[in-house]
Structures are given as structure tokens and as C-alpha cells.
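Structure, as C-alpha cells:
Chains as they are written, first to last, in this note's numbering: chain A, 432 to 909; chain B, 432 to 909.
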């Protein structure tokens, strides 16, 4: 039993030190391993398989809306990066530069893509000629690189995995529709697959993407009350099209600029899953994206018939869920702790006494509720519980989010909320960047978004007292 | 009809200029687009979707053998690359070097992975302690970078997509078994999915991978008689383990070095598919990896009921194949040519007269055979034809390969064969690298492999006349 304890004791409790708890979970659940490469992480099988689940589900959703996948070079020549002014200013300070190929110095240095707007624009300027070539709705799954000073597994790493969609449309309206469509797709994915409720809204000009006309975002609240930007969708208007000369001949035979969008989600989502659902025993995975949904743990597995029965249950359950048997030579207690650490939604215990009684024990990871079930009903019960767990997880996360959302109508209230109530703060804003900056300086809270669902909390800006234009979600963010 | 012709005329015939034919096909079938980044290509939807098919199928085969996917950093610090002597000598001349992050010079420069042995070794040295931690059977799907002077779409590009498997085992025997298992898996995949027959064998010491104890290869013959190395599997013995100090405590409580393997296949496979199966009308895709297997082309589609019938056929066929309708406003002739250029295995024509006769016309891409089929039997016929086409394609490729394999027992015969008979040459070899070098200098043919299936063609080396040790496949190669 010593080793069982070791596994559990090694985690810092989240109430003591949330940041350390997070680090403990990603390591102990074997999601990642640190590497010799500063700021980069290694995604181990338990971590990468969650990304595979996310990728598979998102990719199918993309394709349903007409998205086609491509692959672009990982390099961007410096001259190409420089073509759009705002964009290069936003990214140049944080890119990695390749200066040599083999033993030769390059005539022009190239950066490793921090994002690929410039490459897609270059492509579109070559392949879009007529209205018949539009829309282009391309996406790629790849890694990108941003030179970060301080890094954190999943949340901020020098290299990370993501998808980046880049589209070109004939009209401004179509581009705006695609921008919103993808934001809605992201929010729906997060709520229904990751069980994380999202606030949908628009970024302020200060917070929008370098080169975008408008940036839309989905924002989630972590267990510690900090916000996490979980996905963004940008409308570029025709700014990039003008910089890269992407024109098409319309039906009326005149040359027009295309209108573009881009949108992305990253491995950061795994960080969100950990920080929204995890507890002091480790990870808690929503069933729909759990690579393993059910772990069967044999009790007294050396007794005759136990492993056979476990295999039989696995066979029975494999039609309705992703199921494994842990038949390693560890103790059941160790296996329980390990399965909890890894966040597997349900465990099924089967031992000699259960076999005699034609029953099995199911234990929920999220609530630890136990169910003794007749084996004939096991399949149905597992199926039902996976749905229930998924639903309950979203519900709990929503209740937590709402309980940690405060309204402030005066600056005193606002500052008090930031200091004492971790979570979102809803407050009115005049629209002036000066107030946004002052709030950040005074409190470290930033504007998360101007939500689509607006409320009129008061008529004046929470900061300067001038007439308010819009309600904003504020918060400290990762 | 002018535009129909344009599409077809633009391809160079393969008999006139095979290299130009290849370039025309990859561009005209819209598999790739050249990019602003020297030596890199853009994989367009038609090209990337073939890679997705390959990836999905291979990945499932990997997982059946216990492979787990991970993701490693794209950077390798110079000191890490330098740890294994042969390996660094093989790769250092052709890597891209990152020297700056943002505006700061790095304290140690890093290369972009040309392959990831060093990173996996570094990981294994951290996470492998006991025999219980073995085997590790990891794989990653990623891009790698090798600075090439002359490049060619799919066959040789500065950056390319691939999978790289890296395993660590307790014993030498287990490592050798995994090396051969993966080679067999590769060969089986190529024959059954890509319809390309493979010669399986071992590389000579001269041709083996930098740092490997043994390299196994699968070699295919292209339509022009040149060989293409299509996949390799390496046994490293304990060389890397010693360089990286990867030791485990065995059951007998002693420290032992692990034994390692690696194996990879790349987007080069798409080049093989083009060059084995393509013809003067463009690409010919094997049904099993064709992203679209059947293209329905409506004839006189403005006539009432035609598009509706086409949609109905699509619905009917979608249960048995990947099917699309081309309802664009191009002419049927243009659509035929386009569907042929893209290599779609079957096209189904449906027009007013067909509807009246309750029939449809199926045309095979590979042989252009036409079948007039009653609509009630369409589904069954399509299903049957997809199997037949796949089988026939492998058969034709095998017949072509065998017809272009020559035996040489004297050096005169050998040189004559290289000069006049494009294809593989089987000849005996003494095992001396000097002969291998001489043959390459004299003829530009290289040793492709020492095949597992050996024949005794003569008792003497084809080059020096000394006693022969082994039969070798030779050939000019891509």
C-alpha cells in the first residue's frame, strides 16, 4: 500500500497551490514530459491521445461546413512576413529565425510560422482568379512557434499544436458569416465535447489579433477563477487582400479584393479541461473526449476466472465505449489511484465475490458514486452513466462559472471584486482604450470580451463615469 | 470544347519526358502548389486528402500492433544532436539552424529535426527505469526538414510530412522482431492499399541509416524503370542507448541497455502512387486510398430531373463508397477530363436517356472500360468494380515490375542492362564496398537492397569476379 499512497500524496492540493497542483497533474497523469528544449514540452501518449480525440471530433465538424485541409510550409521568408504592417509588428518580436541551411548562411532569413496568414495569402494570390474559385475554406493541423519568456504546459509553450483555418470570400458579408459560424462551432464543441461553458463575444480593439478588423473569442473560467481564452475567430476584411494583392474577377467582370478570415484552437484546450474539471485526485476527463472511458480493474486477479471475466466484460462493453482492462501486476488500490489520476470517467471492479453474485461495481470518477450492477445490465448502465457524467460535468462547470461571476457598477466595487472574488466581473465600459489600460494597471484584470449577450448594468463606464457603450467581461487571465 | 482540350493538352506525355509529365500531373491534378519558400511545397486539398487517407489507414495498422502516438519538439539543441557520432555526421550537413528567438541570439543554436532519434533517446533516458517500463513503442506524425539542393514535389523537398516510430526494448531479439514487423506492415500496406508491389530486403552497410546497426527497406519500381525507396525500418542495437545512457533495471536486478528501432514512411508515397499508376490523362488512384472513389457526372444537367437523379444515385452509393456529384456549370467533357486528371477510380454518367432507360454508365479510370448498368444493380456493380480495379492495378504494377527486372551475371551484361533496360537488375555481389562504389561510378546504379528472397544467380561477384556472398537488387533510383 506504500506505493498507492505515494502516487496520491505526490499531488499538491489545489486549494494550497493551484499552479503547483496543475503542474503535478500534468506530470503525474503522464500527459507531458519536460524536454531538453527550453519552453517546449513532450506530449506523451496520455496527453497526445486527448489531442487526437479533440482533433478527430473538430475535424469532422469542420468538414461538415465545407472545410478542406491543406499543408503549408513551416517557414516564412522575412520579406513575406513583412508584407502586412500590423501583423509583422505583432509577431516579429516573438518568432524563431532560421539563418543557416546546413553549413551555408541563407540569403534571406526565414522565421518559423507563428501563424500562417502570410503563407495562405501568398497562396490565394496565386490560385484565386475568378469568382468561381471562391470561397476558399482551407485549414491546416500543424505546430507553430512563438518565442515565450515564461512557459507553462499546454497554456503557453514555445511550440504548440493547433489548427488554423484561413478562408477567402467574395463578399464582406460572407466573411463575417464564416467568422461567426466558426466561433459558434468552437463554442458548441467546447460545451458538448469538453463540458466547458463559454462566453462568446468580441475582443476590444486593444486585444484583437494583429492585422484583424475584428476578433471574436470564446472565454472560459478555470477552477481558480482565472479566465482562459479558448478559441478565436478573426475577420480580416480586405486588409490582407490589399497587402498581398488577392483579387478576383467578379461576375460583372470587374476586379475585386477578397475578404478573409482565420480561426484557431490549440492544445491549450487540454489545459482548460484540466483546470475546469480536475480535482485533488488528478484529472477528470469528460467521457466524450476521454481516450479511455472505462477501466476494468480485476480484484484478486490471480483467482481462477477473474481475468477471464474481466476480458468478457471488456468484450461486452467494447460495443458501447472505449474500454480497457488493467491486468498489470500492481495492487487494485494502485490501479484505482492511477485510473483516477488519469481521469478515466468510469471504473468497473470485478472480483470473485462479484462473479459469484453475477454483478460488477461501477465507480464514477467525477462524483465517486458507486453502483453495484447486475452483469446483464452492465452495458446499459455504463452507456447511461457516460451520458450522465458528461451532462453533470457541464452543469457543475456552469454553476461554478456563474457563482464566480460578479457585477460591478462602481470602480470601488470593481477593484474589490478583483481583489477578493476570483472570477469574471461584468461591468460597463465607455469604449475608451484609456479606461481599459487604467483598469489593467490598477488591477491586472483585462477585458476578456464584449459578450454577444449584453445587459445594461448601468449607464456609466465603471472606470471613468462617462456614458457607457457596452458591457464587458473582465478578469485575470492565463 | 476548347477548355476541355486545354486541360488535356497541357500534359506532357510520359513517353516524351517522364520528369515533365510528373511535374504536369502534380500541378494539374492540383495536388501541390509551389510556394515562396525555396524547396518547400504546398499540399493542396487534392494532395493532402490522399495523405489523410494514408495516415488514417497506417495509423490504425500501427495501433493494432501496440503503437502509441506522441509529439516531440521540432527543435534539437546542437549538443543533443552531437551525442551519437555516426548520426550527427549523417545529418548535420543538411539541417536548418535556428540561431535567434525574437531579437535575441540563442545561447545554443538548435536545428529543426531532420529525424528525432536524439529526442526520443533523451525522453527514454528519463522515463525508462525498469523492465516494467518496456517496451516503449512510440510514433509521431509530423514534418521534418532536410536542406536539399535539388527538390522535387513529394520525392525530395526541404520540409516533408512523415511518421517516425521509435521503440525501446529489453532485448536485442525483441528489437529485431519489431524492425521486421514494421517492414512487413509497410510492405503489406503498400501492396494492399497503394497497389504497389514491394521488394523487401536489407540495405548494404554503405546505404544504411546514419547510426543504425541494420536498415531494412521496401523498394518499388516506377513506370520509367527507376527505383523508389518507399519505407525503411532500422535496428539500432544498443548504440544509441550507450550514447544516451538509456538503461533499465532488469528482473535480475542488474542494469542493462535497451535495444532500439526506428521506422518511417513519408509523403513520398504519393509520388510513388503517381509514378506507378499514372498515365497520359493524369493521376490514377487505387480505390482504397482515393479520397473520392466515384464521381457522378450529370449529362444535360439543366433538363428536369437530371440533378435530382444524380443526387439520388449519390445517396444510394454513399453507403458503399466515397462519392461526389460534379454539378458545377462546366461541360460534361471538361468534367470527364478533370475527373480523369484527378485519378478518381470510377465515374458514373447519368443523363435524360439513361434515366428513361433506368440505367447509368460507369467508366473505369484505369482501363476506360464502360459498363451500362441497370440502376437497380448500380450499387453492387460499383462495389464490385472498386475491388476489381484495386486488384487489377496491383497486378499490372507487378507485371510491369517483373518485366523490368533483368538478371546480370557478367559486368558487361550489367552495364548493358543499366544502359538499355530501365528497371531493377539482379546480380551477385561479393560484399565489398569497393565494388558497390565502382558500380555506382561506372553506371550511376546503386544497390537498392539485399532481398530477403535470395536466388543464386552465379557464384561470383558481378563486378570483381571474386566469390559472391549475396544477391542484390540494383537500379537507378529517385
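Beta carbons are placed, not taken as given, at the ideal position from N, Cα and C, and that holds for glycine.
Note that the structure is a prediction, hence the values are computed from the model and not measured.
Review point. Name the chain B residues whose beta carbon is nearer than 9 angstroms to that of residue 690/A?
Key: Within 9 angstroms Cβ-Cβ: nothing; residue 690/A doesn't reach chain B, min ~21 angstroms.
Review point. Alpha helix (DSSP H) containing residue 481/A: first to last residue?
Key: 476-495
Review point. Comparing the C-beta of residue 492/A with each C-beta of chain B, is any distance below 9 angstroms?
Key: no
Exercise for review: Mind checking the region 709-739 of chain B against chain A and listing, in chain order, the residues whose C-beta falls within less than 8 angstroms of any C-beta there?
Suggested key: none
Review point. In angstroms, rounded to a whole number, what distance separates the CA positions of residue 822/A and residue 800/A?
Key: 15 angstroms
Review point. In chain order, what residues of the same chain lie with their CB nearer than 6 angstroms to the CB of residue 551/A, ignoring the 5 residues before and after it?
Key: 597
Practice item. Determine which residues of the region 766-782 of chain B have a Cβ less than 9 angstroms from any Cβ of chain A, and write them out in chain order. Key: none
Review point. Any contact of the region 637-648 of chain A with the region 888-902 of chain A, i.e. 3+ C-beta pairs under 8 angstroms?
Key: no
Exercise for review: Using a Cβ cut-off of 8 angstroms, pull out every chain B residue sitting near residue 456/A, in sequence order please.
Suggested key: Those do not exist, as residue 456/A stays about 17 angstroms from chain B at its closest Cβ, beyond 8 angstroms.
Exercise for review: Consider the Cβ of residue 534/A: report whether some Cβ of chain B lies at a distance smaller than 9 angstroms.
Suggested key: yes
**Study point:** Closer than 7 angstroms at the beta carbon, the chain C residues around residue 479/A
**Key:** Structure shown: chain C not included; protein chains present are A and B.
Check your understanding: By how many angstroms is the C-alpha of residue 545/B removed from the C-alpha of residue 777/A?
Key -> 41 angstroms
Check your understanding: Leaving out five residues before and five after residue 658/B in sequence, what residues of the same chain have Cβ atoms less than 8 angstroms from its Cβ?
Key -> 650, 651, 652, 855, 879, 904, 906, 907, 908 and 909
Check your understanding: If we count the other Cβ atoms within 10 Å of its Cβ and call it buried at 16 or more, is residue 662/B buried or exposed?
Key -> buried
**Study point:** Cα-Cα separation between residue 892/A and residue 901/A, rounded to whole angstroms
**Key:** 9 angstroms
Point to revise | residue 845/A: first and last residue of the uninterrupted alpha helix (DSSP H) it sits in | key: 842-851
Practice item. Report the three-state DSSP secondary structure of residue 763/B (helix, strand or coil). Key: helix
Review point. DSSP state of residue 602/B, grouped into three classes?
Key: coil
Check your understanding: Taking one C-beta from the region 602-609 of chain A and one from the region 620-637 of chain A each time, how about it: are there three or more such pairs within less than 8 angstroms?
Key -> no
Check your understanding: Taking only beta-carbon atoms, is residue 531/A less than 9 angstroms away from chain B?
Key -> yes
**Study point:** Identified DSSP bridge partners for residue 777/B
**Key:** 725/B and 795/B
Check your understanding: Candidates 779/B, 705/B and 476/B: which alpha carbon is nearest residue 814/B's?
Key -> 779/B
Review point. In angstroms, rounded to a whole number, what distance separates the CA positions of residue 433/A and residue 769/A?
Key: The predicted model places residue 433/A with a pLDDT of 40, which falls under 50 and marks its position as unreliable, so this point remains unresolved.
Exercise for review: List the DSSP bridge partners of residue 882/A.
Suggested key: 632/A
Check your understanding: Applying a beta-carbon distance threshold of less than 7 angstroms, which residues of chain B neighbour residue 587/A?
Key -> Within 7 angstroms Cβ-Cβ: nothing; residue 587/A doesn't reach chain B, min ~14 angstroms.
Check your understanding: residue 498/A to residue 569/A, Cα distance in whole Å?
Key -> 6 angstroms
Review point. Between 464/A, 562/A and 883/A, which lies nearest to residue 682/A when the distance is taken from Cα to Cα?
Key: 562/A
Check your understanding: Out of 581/A, 655/A, 567/A and 593/A, which has the shortest C-alpha to C-alpha gap to residue 573/B?
Key -> 593/A
Exercise for review: Would you list the residues sitting across from residue 532/A in a DSSP beta bridge?
Suggested key: 535/A and 527/B
**Study point:** Inter-residue spacing [alpha-carbon to alpha-carbon] between residue 533/A and residue 471/B
**Key:** 16 angstroms
**Study point:** Other residues of its chain near residue 640/A: CB distance less than 7 angstroms, five sequence neighbours each side excluded
**Key:** 646, 663 and 665
Check your understanding: How many Å lie between residue 851/A and residue 840/A at the Cα?
Key -> 16 angstroms
Check your understanding: I think residue 525/A touches residue 577/A, with their Cβ atoms under 8 angstroms apart; what is that distance to the nearest whole Å?
Key -> 5 angstroms
Review point. Would you report the Cα separation of residue 457/A and residue 791/B, rounded to the nearest angstrom?
Key: 58 angstroms
Check your understanding: Any chance the region 483-502 of chain A sits against the region 471-481 of chain B, with 3 or more Cβ pairs inside 8 angstroms?
Key -> yes
Review point. Closest by CA to residue 716/A, which one among 700/A, 731/A and 728/A?
Key: 700/A
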